[in-house]
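These protein sequences, in sequence, are chains A and B.
First residue of the first sequence: 1, per the numbering used here; consecutive thereafter.
First residue of the second sequence: 1001, per the numbering used here; consecutive thereafter.
In this text, a Cβ means the ideal position worked out from N, Cα and C, and glycines have one as well.
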Amino acid sequence: MKKIQKASFLSTGLCVLILLGFTPALAAFGEDVEKPKPVFTRDGDAVTAKLLPRGKSTSVTVRFAADSGRVADVQAVDFASVKDDGIDRKDFRCDLFSVLLENISPGDEVTLTAGSDFFSSSTRFFLYNSGASPAWTDTGANQKAYPDRVRELAFTIRDGGPYDTDGAADGKILLICGPCDSFWGYAIGTLFIRFFGVFLVLGVLMIGMIVCGKIFESAYKRKAAKVEETKLQPTVSAPRPLSAASEMEPEMVAAVAMRSGNARYQCIRTEMEPEMVAAVAMALHLEMSGPVSIKSELGAEDNQNAWSLYGRQKIMSDRMQAFKRHFNA
Amino acid sequence: MSWESVLELIKQILVTQTGIPHMTGGAALMLCVGLVFMYLAIAKEFEPLLLLPIGFGIFLVNFPLTPLMGQTEHGAPELIRFFYHYGVEWEIIPCVIFLGLGAMTDFGPLIANPKTLIIGAGAQLGVFVTYVGVLFFGFTLKEAASVGIIGGADGPTTIYLTAKLAPHLLGANAVAAYSYMAMVPLIQPPIMRLFTTPEQRRIKMRQLRAVSKREKIIFPLVGATLIVLLIPAVAPLMGMFMLGNIMRESGVVKRLADTAETDLMNIVVIFLGVSVGATMKAETFLTWKPLLIFAFGLLDFVICTVGGILTVQIMNLFSKEKMNPLIGSAGVSAVPMSARVSNTEGLKADPTNFLIMHAMGPNLAGVIGSAAAAGMFIAMFQ
């Protein structure tokens, strides 16, 4: 054990030292490995973006449509290209989009809708315009939920208004926008839910096992009662059923094995040296069947002598073989 | 052929066909890391079954221009990439290891005392605390989940989850998980003593009831049904685990159970070790992240140990029959190392107090608990 501890210290220490010593030449930390890369497809006047948002393993779709005019183009916008202004980029798990609306009457208002089953009731929709103050605006989008878990966020924007990036009432609106969810709210919320979820799952399993255990125990009790009944009948002189072995203490099994030489106990004998079995069994037998005066001299039952303690230790160690794995799990 | 053209040819061969000019400082450092791992495995016998192939994988893949982890011109995977692709990326190897583990595991102590399942759940505390902790250091949600699961002290589960969520962290996570699992006898005892009183450490628990063969056969069926119903995402791991166990307990397919726990296990461990080692190329491994993973992995283990002990303490408040809180630390999986640590600490407090069989319950519950936690994370990102 000491060898392992020493080696463990050595390996960890070495890894840490090596990495620490080499840090000046290390690659940059915080590489964006989950950057969404949306693919856009046109669906009539609407455009659908299919992407893998941050913190998700399955892709989602976001469908952009307008009540008047036409969604001419939707593109992905790199968050690094806009000013943060106190906005946490982690909240934008889909990153940002630039949406170009055309065929609008100049200066008119348009309602843009973005629908996705990725949106939740707490999803907000933000607009960005570097020329406006503040640069970021919560659209206060209205939500509409559909039975297939799709939520639609709808908000109104004016051609040439403060969040039209081209700034002109020219029949075209260019928006930089994106759905926003509280990253930390999600992370902490899901933490609690999932931690208690583990309790719930194991709790249900525990109840299932307790119920099964009770059923089995009562079945065994009934069976044992039947056996007792048949034993009490004078005509019956059947030997003790072998299944009783499973109900016996291992120490008793060892002692019985020595006395009876029954083949059912072969498994015990093959795991231990016969001399050891004999010694353990004898020690335990003497301990258990010794006169009361001897036991009382030794004190309580727990304060057993060195012989029996050694025997128990040996039996426990041999039982451990059942759990000996080649690989830790 | 002139001398100039001969020299040019030699130069061209040296530059394009040998690795010497392409050797970098990072690659040299990783070769040393590989050698250290092999030294620990061979000379110190420190988790040799895994560290030797991992070490050799690191050693081999960090030589320049080696056709091992890339793809050929025709798009076919190169040798170790092939093992990695089909074994780890396709999530086959961790599941096969779970099959073998199931075939090795005797669930008797857990069936005899199902209450210990709650300890296995409590000992996952560190998994979730670490998950939040690493988020503060700029890890993504998926990376945080894969680092958090290290505290579950379950090697195959860590590899399974990391391969699914953050494959670029596979090497660091796997090495951290296995290193700390080997360090359980070092990490846990001080925490166990800190969170228990001498009286509590002397608590003797009632002898576990005998568990019949029928109960042991029913357990994998009940277990698989309930767990898979509640967390379908964990079906590949738990399904294989319970299949291995029912093969063992039924006793009718001894050959299959033997194969699963020996030969099959050995085969996949070779491929797993080499594949994990081969992911640790200098350009992907030499960042701050592995360093943070090692630090948080340790913290994770500590919190998981505390979580297990505190769960027992809380359960004792509501239970007439007290449990020895030392068995709580065994809730961190790491079978059977942490159960042995509980037993050793119990014997130190009272030389007549044998806790090993009692500690095996939470120990096995920890395996199920960490798989459940992994399933929760997988489901979270779906």
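Sequence-distant Cβ neighbours of B/Pro1156 in its own chain, meaning closer than 6 Å and more than five residues away, are Pro1094, Ile1097, Phe1098. Per DSSP, the unbroken alpha helix (DSSP H) holding A/Arg222 starts and ends at 183-232. Residue environment for A/Arg312: buried (at least 16 other C-beta atoms within 10 angstroms of its C-beta). If you draw a straight line from the Cα of B/Arg1340 to the Cα of B/Ile1356, it is about 6 Å long. By the beta-carbon neighbour count (other beta carbons within 10 angstroms, threshold 16), A/Ile215 is exposed.
For B/Tyr1131, the number of other beta carbons within 10 angstroms of its own is at least 16, and it is reported as buried. Of the residues B/Thr1311, B/Glu1004, B/Pro1198, the one whose Cα lies closest to the Cα of B/Gly1122 is B/Thr1311. In the DSSP assignment, B/Asn1343 falls outside any beta strand (DSSP E) and within the unbroken alpha helix (DSSP H) covering 1337-1349.
Beta-bridge analysis with DSSP links A/Phe97 to A/Ala76, A/Cys177. The C-alpha of B/Leu1040 lies about 8 Å from the C-alpha of B/Pro1048. Under the 8 Å criterion on CB atoms, B/Val1132 is classed as interfacial with respect to chain A. A/Asp88 carries a coil assignment under DSSP once its states are collapsed to helix, strand and coil.
Residue pairing of A/Val62 in beta bridges, as defined by DSSP: A/Ala49.
Around the beta carbon of A/Tyr163, 16 or more other beta carbons lie within 10 angstroms, which makes this residue buried. The beta carbons of A/Thr165 and A/Leu174 sit closer together than 8 Å. In the structure shown, B/Ala1166 falls within a coil segment according to DSSP collapsed to helix, strand and coil. Rounded to whole angstroms, the gap between the alpha carbons of B/Gly1055 and B/Ala1224 is 35 Å. Check the Cα spacing between A/Arg42 and each of A/Ala72, A/Ser57, A/Val198: the tightest is with A/Ala72. For a Cβ distance threshold of 8 Å, residue set Ala1121, Gln1124, Gly1369, Ala1372, Ala1373, Met1376 of chain B lies close to A/Val198, ordered along the chain. DSSP places A/Val110 in the uninterrupted beta strand (DSSP E) bounded by 109-116.
Beyond the five residues adjoining it in sequence on each side, B/Asp1350 comes within less than 7 Å, by CB distance, of Arg1202 in the same chain, given in chain order. Residue contact with chain B for A/Phe216: present (Cβ-Cβ distance below 8 Å to some residue of chain B). Ranking A/Val227, A/Lys50, A/Ile104 by CA distance to the CA of A/Asp95 puts A/Lys50 first. B/Ser1370 and A/Ile210 have their alpha carbons spaced roughly 21 Å apart.
Rounded to the nearest whole angstrom, the C-alpha separation of B/Ala1028 and B/Asn1062 is 8 Å.
Interface flag for A/Lys56 against chain B is set, since a Cβ pair is found closer than 8 Å.
For the set B/Trp1090, B/Pro1185, B/Gly1138, the Cα lying nearest the Cα of B/Tyr1160 is the one of B/Trp1090. Annotated three-state conformation of B/Thr1157 is helix, per DSSP. Contact between the stretch 1364-1381 of chain B and the stretch 1102-1122 of chain B is present: three or more C-beta pairs spanning the two stretches fall below 8 Å.
For the 8 Å CB-CB criterion, A/Ala65 and A/Thr113 form a contact. The beta carbon of B/Glu1089 sits no closer than 8 Å to any beta carbon of chain A. Between the stretch 1290-1310 of chain B and the stretch 1124-1139 of chain B there are three or more inter-stretch CB-CB distances shorter than 8 Å, so the stretches are counted as touching.
The stretch 1146-1153 of chain B and the stretch 1069-1082 of chain B do not touch, with fewer than three beta-carbon pairs separated by less than 8 Å. B/Ala1330 sits close to B/Ser1342, with the two beta carbons spaced by under 8 Å. Assignment of A/Leu153 by DSSP, reduced to helix, strand and coil, places it in the strand class.
For B/Lys1216, the uninterrupted alpha helix (DSSP H) segment begins and ends at 1213-1230.
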